[in-house]
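Each residue of the sequence shown is one higher than the one before, counting from 103 in this note's numbering. This report concerns only the one structure given below.
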Amino acid sequence: MREPIFSLAALTVLELPPPEMVEVAAQAGYEAVGLRLIPATPEEYHFPLARDAGLLRRTRQRLGETGLRVLDIEILRLKPDTDVRRDFCQVLEIGAELGASEVLVAGNDDDEARTIDNFAALCELSAPLGLHPHLEFMPWTGVKNLAQAHRIVAAARLAGQDNACLLVDAFHFNRSASRLEDLVRVPPDWLRYVQLCDVAGPIPDSMEAILHEARQQRCFPGDGDIDLRALLETLPSGRPYSLEIPTESLRRQGIAALERARQALDKARAVIALA
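The structure is reproduced here in structure tokens:
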């Protein structure tokens with residue numbers, strides 16, 4: 103059986119400019135990278151790939167030299183005031199130019215009907231570019247768990263958007279108390295890639311604590327307490343794995359980005375081998 107494709111997510115080595123991230127991913131043994139074209143928070147490291155033509159050119163050059171592909175681009179947030187074409191058209195075009203096939207989408211809107219409309223509009227805008235928007239559920243957002251994400255993606259599909267997809271991140275699956283029996287009911291073609299990580303301990307009582315864990319306390323696969331084997335055995339096989347593990351605390355300890363990327367990949371391979 104062919105080994106799955108592994109992609110280095112931006113959050114794992116967030117301090118690196120995109121060309122350096124591509125180089126580190128290639129040296130560590132990845133086949134792909136995920137590029138963060140829109141920052142998740144105002145405070146994080148950010149390199150304006152969508153606005154800096156020189157940076158975009160150097161990134162494209164490193165992709166060509168290393169042979170790596172871009173798996174996904176991120177992070178497109180659907181908010182109450184989102185205008186899909188105004189806010190995301192350029193980003194989607196750059197993603198397609200770089201060869202990405204997947205788009206990570208967050209639902210930051212408590213109005214589910216509006217989220218459905220905006221997600222369907224995003225899928226319609228993405229389709230001619232060969233892109234597949236993936237709605238990622240996160241317990242502190244407007245799309246809090248797998249069941250709600252399933253409902254929204256189903257509505258977009260019913261509206262004719264066949265590229266509407268759903269993203270499962272192991273951390274969010276666990277911390278949202280989503281269920282394997284619900285995951286079995288998700289059509290396999292909605293799940294084109296998976297985000298893999300781990301976390302230690304039980305689900306915290308407060309959403310603030312869960313958010314803190316998500317940004318600062320995730321673990322490499324197998325180093326925490328998520329039943330990753332059960333999750334992986336429930337998900338469709340053969341999907342690319344995006345390794346998204348914030349490692350800022352390890353960076354502050356002096357552990358280089360290349361070593362962090364290698365550890366993530368080695369531990370992910372070991373977990374998947376068991377599953």
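Glycine is no exception: its CB is placed at the ideal position from the N, C-alpha and C atoms. Note that the structure is a prediction, hence the values are computed from the model and not measured.
Member of the options whose CA lies at the smallest distance from the CA of residue i
i    : options                : result
P235 : Q263, V115, R371, L367 : Q263
C225 : V207, D212, D213       : V207
E361 : R104, T114, L313       : T114
E378 : Q297, A257, H252       : Past the edges of the chain, shown from 103 to 377, lies residue 378, and the structure says nothing about it.
A272 : V286, G201, C299       : C299
P290 : V193, F149, P306, V255 : V255
A152 : L194, R164, V205       : L194
L260 : L337, W292, S278       : W292
R320 : A302, L330, D329       : A302
E146 : E117, P306, D213, K246 : E117
R317 : E122, I347, D213       : I347
V124 : T184, I107, G166       : G166
Segment limits, alpha helix (DSSP H) that includes residue i
i    : result
D219 : 214-228
P120 : 120-130
Residue i vs residue j beta-carbon contact at 8 Å
i    : j    : result
R287 : C267 : no
L178 : I140 : yes
G197 : V186 : no
R277 : P304 : no
A130 : T168 : no
L180 : F221 : yes
L237 : G209 : yes
L378 : S280 : For the chain, the structure presents residues 103 to 377; residue 378 sits outside this window and is missing.
L337 : V373 : no
Span of the beta strand (DSSP E) around residue i
i    : result
D368 : No beta strand (DSSP E) contains D368, which is instead part of the alpha helix (DSSP H) from 359-376.
R331 : Per DSSP, R331 belongs to no beta strand (DSSP E); it is in the alpha helix (DSSP H), 330-336.
R259 : Segment 248-260 is the alpha helix (DSSP H) holding R259; no beta strand (DSSP E) there.
R138 : 134-138
L237 : 234-238
L151 : Premise fails: L151 is in no beta strand (DSSP E) and is neither H nor E.
L268 : 267-271
* What alpha helix (DSSP H) runs, 4 residues minimum, are completely inside the stretch 274-309? -> 282-285
* Touch check for the stretch 360-375 and the stretch 157-165: three-plus C-beta pairs under 8 Å? -> no
* Counting only runs of 3+ residues fully inside the stretch 160-212, write out the beta strand (DSSP E) ranges in chain order. => 171-180, 204-209
* **Three or more C-beta pairs below 8 Å linking the stretch 131-140 and the stretch 164-181** => A contact exists between the stretch 131-140 and the stretch 164-181.
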